[in-house]
Amino acid sequence: MAVAVYPGTFDPITNGHLDLIKRSLRMFDRLIVAIFDNPMKGPLFTVEERRRLVEEATRGLPNLEIDTFNTLLVLYAKQRNADVIIRGLRAIADFEYEFQMTLMNRRLDENIQTVFLMPREEYTYVSSRLIKEVAAYGGDVERLVPPPVAAALKEKFRRP
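Residue 10 is where the sequence shown starts when you use this note's numbering, and the numbers rise one by one after that.
Have a look at this one:
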């Protein structure tokens, strides 16, 4: 049984993330979406809010588990009996960082492989950071995030 982990902060989850989740589910027997709980990154949403949003956005998808973690990714993958890490690449700028992380992960555990996926073309420029910035200034992000996320962003950035 091939188990993959798709890690990220998912602050918030975007349609690009959903695209990779759905495609990963076609490639692996089971997928664990692992939300990284790192308060030092200063997330907009708490880990509990992010988990709820991911659960709402992925409701009904088979062979999918949502979890949180706050340890080294390869240790988490090993604990979950996953042998593959899914990483998204949007642009060339992502590659250098992801390449370094993959080499470090391989150094820590050579049995865990990394698979890079590119999102559909319409989502290649979408990042959680950009979504938050546009939403903070009242911009429309509804076509770029799942409906529960759009509602949560409006609530977070509601102006008095």
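A virtual CB, placed ideally from N, CA and C, is assigned to each residue, including glycine. Keep in mind that this is a model prediction, so the values were computed, not measured.
Measure the Cβ-Cβ separation of residue i and residue j and say whether it is below 8 Å.
i, j, result
"P128", "R99", "yes"
"L185", "L34", "For residue 185 there is no data in the structure shown, the boundaries of the chain being 10 and 169."
"I121", "D103", "no"
"V14", "I94", "yes"
"V143", "V154", "no"
"G51", "V135", "no"
"D76", "L53", "no"
Measuring only the C-alpha atoms, how far is residue i from residue j?
i, j, result
"E119", "L73", "25 Å"
"L84", "L29", "22 Å"
"T55", "D46", "8 Å"
"R115", "L62", "31 Å"
"R59", "P157", "11 Å"
"G140", "K31", "This sequence places Ile at residue 140; Gly is not what is there. Distance between the alpha carbons of I140 and K31: 21 Å."
"R38", "N90", "The sequence shown places Asp at residue 38, rather than the Arg named in the question. Taking the straight line joining both Cα atoms gives about 12 Å."
Would you mind working out which of the options sits nearest residue i, comparing C-alpha positions?
i, options, result
"Y132", "D46, G97, R59", "G97"
"P48", "P21, N79, E65, V63", "N79"
"G17", "A11, G69, Q88, M110", "M110"
"L117", "L126, F37, L81", "L81"
"I101", "L126, L70, R167, M113", "L126"
"K87", "V12, Y106, A159", "V12"
"T23", "M36, T67, E57", "T67"
"P195", "M36, R138, L112, A160", "The structure shown does not extend to residue 195, since the chain is modelled only from 10 to 169, so the question has no answer here."
"R138", "T123, V124, L162, E130", "L162"
On the DSSP bridge list, what partners appear for residue i?
i, result
"L126", "G97"
Within 8 Å (strictly less), CB to CB, does residue i reach chain C?
i, result
"P156", "Looking for chain C here will not work: only one protein chain is present."
Quick one: which unbroken beta strand (DSSP E) runs of 3-plus residues sit fully inside the segment 74-124? Chain order, please. 93-97
Go through the segment 13-48 residue by residue and report every complete run of the alpha helix (DSSP H) that reaches 4 residues or more, in order. 24-36
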